[in-house]
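Undergrad:
Protein chains: 4
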Amino acid sequence: MHAANIEQNPETRIYSLIEPYDAYAEAFCAAYPGVKRQTVEEAMADDNVHAVCICSSTDTHADLIERAAKAGKAIFCEKPIDLDAARVRDCLAVVNQHQVPFLIGFNRRFDPHFSALKSALERGDLGEITSVIITSRDPAPPPAQYSKSSGGMFRDMTIHDLDMARFLVGEEPIAVTAHGSCKVDPAIGEAGDIDTSVVVLTFASGAMATIHNSRRSGYGYDQRIEVHGEKGMLQVGNITENALVSSTQHGQQLATPKYFFLERYEQAFAAEWLHFVEVLNGAKPSCSGDDGERALALADAAILSMQLARR
Amino acid sequence: MHAANIEQNPETRIYSLIEPYDAYAEAFCAAYPGVKRQTVEEAMADDNVHAVCICSSTDTHADLIERAAKAGKAIFCEKPIDLDAARVRDCLAVVNQHQVPFLIGFNRRFDPHFSALKSALERGDLGEITSVIITSRDPAPPPAQYSKSSGGMFRDMTIHDLDMARFLVGEEPIAVTAHGSCKVDPAIGEAGDIDTSVVVLTFASGAMATIHNSRRSGYGYDQRIEVHGEKGMLQVGNITENALVSSTQHGQQLATPKYFFLERYEQAFAAEWLHFVEVLNGAKPSCSGDDGERALALADAAILSMQLARR
Amino acid sequence: MHAANIEQNPETRIYSLIEPYDAYAEAFCAAYPGVKRQTVEEAMADDNVHAVCICSSTDTHADLIERAAKAGKAIFCEKPIDLDAARVRDCLAVVNQHQVPFLIGFNRRFDPHFSALKSALERGDLGEITSVIITSRDPAPPPAQYSKSSGGMFRDMTIHDLDMARFLVGEEPIAVTAHGSCKVDPAIGEAGDIDTSVVVLTFASGAMATIHNSRRSGYGYDQRIEVHGEKGMLQVGNITENALVSSTQHGQQLATPKYFFLERYEQAFAAEWLHFVEVLNGAKPSCSGDDGERALALADAAILSMQLARR
Amino acid sequence: MHAANIEQNPETRIYSLIEPYDAYAEAFCAAYPGVKRQTVEEAMADDNVHAVCICSSTDTHADLIERAAKAGKAIFCEKPIDLDAARVRDCLAVVNQHQVPFLIGFNRRFDPHFSALKSALERGDLGEITSVIITSRDPAPPPAQYSKSSGGMFRDMTIHDLDMARFLVGEEPIAVTAHGSCKVDPAIGEAGDIDTSVVVLTFASGAMATIHNSRRSGYGYDQRIEVHGEKGMLQVGNITENALVSSTQHGQQLATPKYFFLERYEQAFAAEWLHFVEVLNGAKPSCSGDDGERALALADAAILSMQLARR
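Residue numbers (the numbering used here), protein chains in the order written: chain A, 1 to 311; chain B, 1001 to 1311; chain C, 2001 to 2311; chain D, 3001 to 3311.
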């Protein structure tokens, strides 16, 4: 998906691929003729590489970011930077030291629906924000073993919503309270993780943000946001597979929400790359390393809150 | 239903019942203690009867209206006045001669949703009206023998929509084109009637009104109106049984529209009686004998148009 | 409103009114001719009084309940029984001792939309419940002085939602976490109350219920419920003033939710009285004194949680 | 737009451009480096040209189709083939004689929403079709002079809906009745055209299709379809700019429908080209020259019907 977005942009081209698996690398290069395969070392030393798009496994992110920063490359990196807060801090220090353009991939900020919501808030449509309610439910749970490697639901999934809450409220939370349980797949519980949760953030202004997560909606990828303020409410509902409505003796039936995150956020990923190109051209990244660090800190706080409540 | 509305109004009480069938009359009087049973002659001669509510079978309407008018009673009568245009004309002449308050029961004009639509039009929300689209579909077809006694679908069912079109556009149609077929119950066709139709009215201003009717929706009582004008569109959709929405892997499911006309138009019937009380108190009836006559004339024109097309 | 429902029911009639204010009592008796005015003593001693409908100010409830119970009258009482948990316990002991029919007025349980939701849950449409999200926002804040007498937002307003959460989940909460702030009217804060809150209930099964409250929605009376389970989600949305939709260059505009609680819950109050008549006829009350006591205990727990977090 | 779809498809590439205007041709070749500019003669004689995509002005279509057919090229052509029925017949005779793959661009057949509707009909979701209602309203009227060159609203705009009616009902109409007026721009009327219309098609089965058109909706590009059958109704509503809903004291506000046809039918145009590639690979075109001819014949019949009614 990133590859398609890179190629479609008139200002960016895929120059080389760093990929340990031969089969995948060959398939990729067949689809994108002219793309060469490089090692990390080769790419970092190659002056034709102006920017890197890091979408490898999470445990490689921080190392690759540091190497790219040291080589003076502009960096786009999928979230999270790392699962460990200290490692994130050190990594961002390297980025700051080398002053390279850096964009972290909180793709939802770039979704046109959520962008319209953010614009309406900035325009003052609601006046002062009093509360935010974010619903984010996966269509179906991942394999239980994923829980471990992902750092747990709060660090893997809720982190998007924690970032969104900060983004929308425009203020840093002063407290995090989290409740979680295992209601979807017992194997996830056995792996030490949760699959159902409510997280409440409170802000110094008295505003509150509530995040509802589940690893299983049962009806598609459920991505909704509701913001309340002085003048009323703004909502973004789900985007359905199609606009067909069927009315029979059983009722009125609408399509399910788009099922897969790549499908739901297709436009967001495209807009994200567009913004990265702006960053390459000197714009300030709308989603910085600091945002990545803060969202991880909130996820860590949520884990702590849940652990304290269980004692 | 009329009885309940009469009793609920602080200004009206049921004084007597004219009802040929003993069993029904007894049940009614048991439910409304104190109501006496009268013959038509007795009621017309009784000074305690100030107004009559005619909701008997269609073929008795014109005669009862004339007798009530001659006796100086205020009259509420269910549509239609009669199925024969000449008979309607004669009947209304009697009403006019005796100058009694007269309200014809085009109940939909009093529906709060359609009233809100009419108010918006009068307020100029749309500017000049360019077209009206009325959808009116019964949940399930009546017995085929009803077709005969009812005067056919256009005179029985479409007549409501023809009145609504005149009411909304605020102008008399200059032409009627009708298309009908029998797609629901062959027995209706054998009885010489239709069960599916499209009627187009054109107006001198160039505005058009289209009426979509069917004796079977398959999903409840389908009552929708759409009006287009210079500035956009106004729509009234269906009123569902309840507000429950179910989202599963099969999609999002909403309740069916209210199934029965008494349920859908419960508020309309209550508002209609309220208006009749205003008429008793001297107000101009918002829905006159003339309106009844004109709607029938349009239904007759629709029948003629369909017959001509079939030759 | 209760008076109208009592009179409309074929099995109940208003016999007498207990009302300290002459002006109100006279207006009432004018509207309901034949209703006599009594003191509490007279009514308790009158064998013609079979049941009492207590809708006086909150601080009189417990006393009136006890006197009616001792006199052997069936009791319908508006929530809450009292603002003090100990007082409620004592009062209910008296009710239990005298074994009189007792229904507490959590009117929302009787709303046809929420009833349809409850029926769907009982039918197993969702399988096991994983979470409940209740939104309850008043259209506009009450006077600040009301905060004091009402016992605070949690005991006055949230108590309905706490009852609804228990009703829907069908299980007792094991923990309550509450967050509140004053975002609507500073005078409410000065009176020691809050106007904006999030309350999370957790259940032994791992299910969670979240309640979003505000004293001001800005767009009408906002009453929504969302339930998630194994098989998907059930939602009840707002009921709008009318079904008119206006489409212009500015977008598609729908009516606001019904503004006033008597209007929104008109059908619920009627159904509630219908159920009380069933209780008079021997049915088990679907909403008992115990339910009133438990909801208050949860409100008290919410207050405690909020106070602890603020230290 | 076609260029982007051609380039995105792994099986097709733009080889050359035939374009009389230098400025446009140069801009195009700058955006698509490697594309050469050719005359019609050069392209027809060039064996590297396997297929042509004709999206020039309407009056050039028939001639270009014939030349491409004679040169053995596969042909994609935007609707209409020509505004004159006899010219269309002759042109299609040439196509048939040379047996080249030929796809006519009724793009709406390829829209995913309407495709889902068509699939549901083929699956028998509705049983036998009784009626189809198509709404197609442009956001704002074109310049009046466009009316002339476009062949009038029925041949230019309604033709899409006439094709859709045939496509959905799966049967040829036996009669066309049309009503049109000039309600939007008097200059359109002065140019001899209409801007507001209702067209009714009747089918031998008794099914009916109604097409509502306007050159101005006032609220965006209004593209809706409703199909009724034995078992109920299927609807496709409008696709809005975004999913934001704003609730204030003025009501609930949703976004307008997508405004521009290229935006609304972006996915349709992409799917159309995908199908053309299937046609290149031997598939039967789902939208043939015959479909183009029949839609034009219906548009001509609509014009005749309207003229007859005006005498």
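Each residue gets a CB set at the ideal place from its N, CA and C atoms; glycine is no exception. Source: prediction; values computed, not measured.
By the DSSP assignment, the alpha helix (DSSP H) with residue 3112 of chain D in it spans what residues?
TA: Within the fourth sequence, numbered from 1, the residue matching residue 3112 of chain D stands at position 112. It spans 3112-3122 - the alpha helix (DSSP H) in which residue 3112 of chain D sits, taken as one unbroken run.
Undergrad: Run through DSSP, which three-state label would residue 1320 of chain B get?
TA: Nothing about residue 1320 of chain B can be reported from this structure: the residues present for chain B run from 1001 to 1311 only.
Undergrad: DSSP state of residue 2250 of chain C, grouped into three classes?
TA: Here residue 2250 of chain C corresponds to residue number 250 of the third sequence, with the count starting at 1. Coil at residue 2250 of chain C, not helix or strand.
Undergrad: Please work out which residues of its chain come closer than 6 Å, Cβ to Cβ, to residue 3029 of chain D, disregarding the five sequence neighbours upstream and downstream, and give them in chain order.
TA: Against the fourth sequence, residue 3029 of chain D aligns to sequence position 29. So the qualifying residues of the chain are 3035.
Undergrad: Kindly say whether residue 3112 of chain D, judged by its beta-carbon, lies nearer than 7 Å to any beta-carbon of chain A.
TA: Residue numbering aside, residue 3112 of chain D sits at position 112 when the fourth sequence is read from its first letter. It does: the Cβ of residue 3112 of chain D has a partner Cβ on chain A nearer than 7 Å.
Undergrad: Shorter than 7 Å from the beta carbon of residue 1259 of chain B to some beta carbon of chain A?
TA: On the second sequence, position 259 is the one that residue 1259 of chain B refers to. It does not: the Cβ of residue 1259 of chain B has no partner Cβ on chain A nearer than 7 Å.
Undergrad: Hey, is residue 210 of chain A's beta-carbon within less than 7 Å of any beta-carbon in chain C?
TA: Working through the first sequence from its first residue, we reach residue 210 of chain A at position 210. Chain C, which has a Cβ nearer than 7 Å to the Cβ of residue 210 of chain A, makes this yes.
Undergrad: Check distances from the C-beta atoms of the stretch 1231-1251 of chain B to those of chain A and list, in chain order, the residues that come in under 7 Å.
TA: For the stretch 1231-1251 of chain B, which is checked against every Cβ of chain A, the residues closer than 7 Å are 1247, 1248, 1249, 1251.
Undergrad: How big is the Cα-Cα spacing for residue 1228 of chain B and residue 3141 of chain D?
TA: On the second sequence, residue 1228 of chain B is found 228 positions in, with the first residue counted as 1. On the fourth sequence, residue 3141 of chain D is found 141 positions in, with the first residue counted as 1. Cα to Cα, residue 1228 of chain B sits roughly 15 Å from residue 3141 of chain D.
Undergrad: Quick one: is residue 1116 of chain B near chain C, going by C-beta distance under 7 Å?
TA: Indexing the second sequence from 1 puts residue 1116 of chain B at position 116. Interface residue, yes.
Undergrad: What ranges does the beta strand (DSSP E) occupy inside the stretch 8-69 of chain A, keeping only unbroken runs of at least 3 residues that lie completely in it?
TA: The stretch 8-69 of chain A contains these whole beta strand (DSSP E) runs: 51-54.
Undergrad: Does the beta carbon of residue 198 of chain A come closer than 7 Å to any beta carbon on chain C?
TA: Along the first sequence, read from residue 1 onward, the residue named residue 198 of chain A stands at position 198. Yes - at least one Cβ of chain C is within 7 Å of the one on residue 198 of chain A.
Undergrad: Distance check for residue 1006 of chain B and residue 1069 of chain B, CA to CA, integer angstroms please.
TA: Indexing the second sequence from 1 puts residue 1069 of chain B at position 69. Indexing the second sequence from 1 puts residue 1006 of chain B at position 6. Near 20 Å, if we compare the C-alpha coordinates of residue 1006 of chain B and residue 1069 of chain B.
Undergrad: Measure from the C-beta of residue 2015 of chain C to each C-beta in chain D and report whether the shortest distance is under 7 Å.
TA: What you label residue 2015 of chain C is simply residue 15 of the third sequence in a count that begins at 1. Not an interface residue.
Undergrad: When the Cα atoms are used, what is the spatial distance from residue 391 of chain A to residue 290 of chain A?
TA: The requested residue 391 of chain A does not occur in the structure, where chain A is confined to residues 1 to 311.
Undergrad: Looking at residue 2232 of chain C and residue 181 of chain A, is the spacing between their C-beta atoms short of 7 Å?
TA: Your numbering for residue 181 of chain A matches position 181 in the first sequence. Your numbering for residue 2232 of chain C matches position 232 in the third sequence. Not a contact, by the Cβ cut-off of 7 Å.
Undergrad: Under a Cβ-count criterion, where at least 16 other Cβ atoms within 10 Å of its own Cβ denotes burial, should residue 1123 of chain B be classed as buried or exposed?
TA: By one-based count along the second sequence, residue 1123 of chain B stands at place 123. Answer is exposed; the Cβ neighbour count stays below 16.
Undergrad: Residue 1220 of chain B and residue 1143 of chain B look like a contact to me (Cβ under 8 Å); what is the Cβ gap, rounded to whole Å?
TA: Along the second sequence, read from residue 1 onward, the residue named residue 1220 of chain B stands at position 220. Along the second sequence, read from residue 1 onward, the residue named residue 1143 of chain B stands at position 143. No, residue 1220 of chain B and residue 1143 of chain B are not in contact; Cβ-Cβ is about 20 Å, not under 8 Å.
Undergrad: Does residue 73 of chain A get closer than 7 Å to chain C when you measure Cβ to Cβ?
TA: Position 73 of the first sequence, counting from 1, holds the residue named residue 73 of chain A. No, no contact with chain C.
Undergrad: Among C:2077, C:2052, C:2073, whose alpha-carbon lies nearest the alpha-carbon of residue 2059 of chain C?
TA: Numbered from its first residue, the third sequence carries residue 2059 of chain C at position 59. Checking every option, the nearest Cα to that of residue 2059 of chain C belongs to C:2077.
Undergrad: Under 9 Å, CB to CB, which of the residues in the stretch 1130-1147 of chain B have a partner in chain G?
TA: Absent here is chain G; the protein component of the structure consists of chains A, B, C and D.
Undergrad: List, in order along the chain, the chain D residues whose C-beta lies closer than 9 Å to that of residue 2253 of chain C?
TA: Position 253 of the third sequence, counted from the start, is the residue given in the question as residue 2253 of chain C. Near residue 2253 of chain C (Cβ distances below 9 Å), the residues of chain D are 3250, 3251, 3252, 3253, 3254.
Undergrad: Against chain A, does residue 2021 of chain C count as a neighbour if the rule is that its beta carbon must be under 7 Å from one of theirs?
TA: Taking the third sequence and counting its residues from 1, one reaches residue 2021 of chain C at position 21. Judged by the 7 Å Cβ criterion, residue 2021 of chain C is not in contact with chain A.
Undergrad: Hey, out of D:3100, D:3072, D:3085, D:3230, whose CA is closest to residue 3043 of chain D's CA?
TA: Taking the first residue of the fourth sequence as position 1, residue 3043 of chain D is located at position 43. Nearest option by C-alpha distance: D:3072.
Undergrad: Between residue 1101 of chain B and residue 1279 of chain B, how many whole angstroms is the CB-CB distance? I'm expecting something under 8 Å.
TA: Locating residue 1101 of chain B in the second sequence gives position 101, counting from the first residue. Locating residue 1279 of chain B in the second sequence gives position 279, counting from the first residue. So it is a contact: roughly 5 Å between Cβ atoms.
Undergrad: Check the Cβ of residue 218 of chain A against every Cβ in chain B and list those closer than 8 Å, keeping chain order.
TA: The sequence position of residue 218 of chain A within the first sequence is 218, counting from 1. Those are 1247, 1248, 1249, listed as they occur along chain B.
Undergrad: Among the candidates A:154, A:13, A:218, whose CA atom is the shortest distance from the CA of residue 32 of chain A?
TA: Residue 32 of chain A sits at position 32 when you count from the first residue of the first sequence. It is A:13.
Undergrad: Write down the C-beta distance between residue 3037 of chain D and residue 3016 of chain D rounded to the nearest angstrom, noting that I regard them as a contact closer than 8 Å.
TA: Within the fourth sequence, numbered from 1, the residue matching residue 3037 of chain D stands at position 37. Within the fourth sequence, numbered from 1, the residue matching residue 3016 of chain D stands at position 16. At roughly 7 Å, the Cβ-Cβ gap stays under 8 Å, so residue 3037 of chain D and residue 3016 of chain D are in contact.
Undergrad: So if DSSP puts residue 78 of chain A in a beta bridge, which residue, or which two residues, is it bridged to?
TA: Against the first sequence, residue 78 of chain A aligns to sequence position 78. Note: residue 78 of chain A sits in a beta bridge opposite A:105.
Undergrad: Mind listing the chain A neighbours of residue 3302 of chain D? Cutoff is C-beta to C-beta under 7 Å, in chain order.
TA: The residue you call residue 3302 of chain D lines up with position 302 of the fourth sequence. What residue 3302 of chain D touches in chain A: nothing, since even the nearest Cβ is about 27 Å away.
Undergrad: Taking all protein chains shown into account, decide if residue 2075 of chain C is buried (16 or more other Cβ within 10 angstroms of its Cβ) or exposed.
TA: Walking along the third sequence from the start, residue 2075 of chain C turns up at place 75. That one is buried.
Undergrad: Are residue 2302 of chain C and residue 2178 of chain C closer than 7 Å when you measure CB to CB?
TA: In the third sequence, counting from the first residue as 1, residue 2302 of chain C sits at position 302. In the third sequence, counting from the first residue as 1, residue 2178 of chain C sits at position 178. The answer is yes: Cβ separation under 7 Å.
Undergrad: Hey, how far is the Cα of residue 2019 of chain C from the Cα of residue 2150 of chain C?
TA: For the purposes of this step, residue 2019 of chain C is taken as the residue at position 19 of the third sequence. For the purposes of this step, residue 2150 of chain C is taken as the residue at position 150 of the third sequence. Rounded to the nearest angstrom, the two C-alpha atoms are 21 Å apart.
Undergrad: Just by C-beta distance, which residues in the stretch 158-182 of chain A are closer than 7 Å to chain C?
TA: Per Cβ criterion, the list reads 177, 179, 181, 182.
Undergrad: So, residue 2267 of chain C versus residue 2080 of chain C, is the Cβ gap smaller than 7 Å?
TA: As a first step, residue 2267 of chain C must be located in the third sequence, where it is residue number 267. As a first step, residue 2080 of chain C must be located in the third sequence, where it is residue number 80. Going by C-beta atoms, residue 2267 of chain C is not nearer than 7 Å to residue 2080 of chain C.
Undergrad: CB residue 153 of chain A to CB residue 108 of chain A, shorter than 7 Å?
TA: Residue mapping note: residue 153 of chain A aligns to position 153 of the first sequence, counting from 1. Residue mapping note: residue 108 of chain A aligns to position 108 of the first sequence, counting from 1. Contact flag unset, no.
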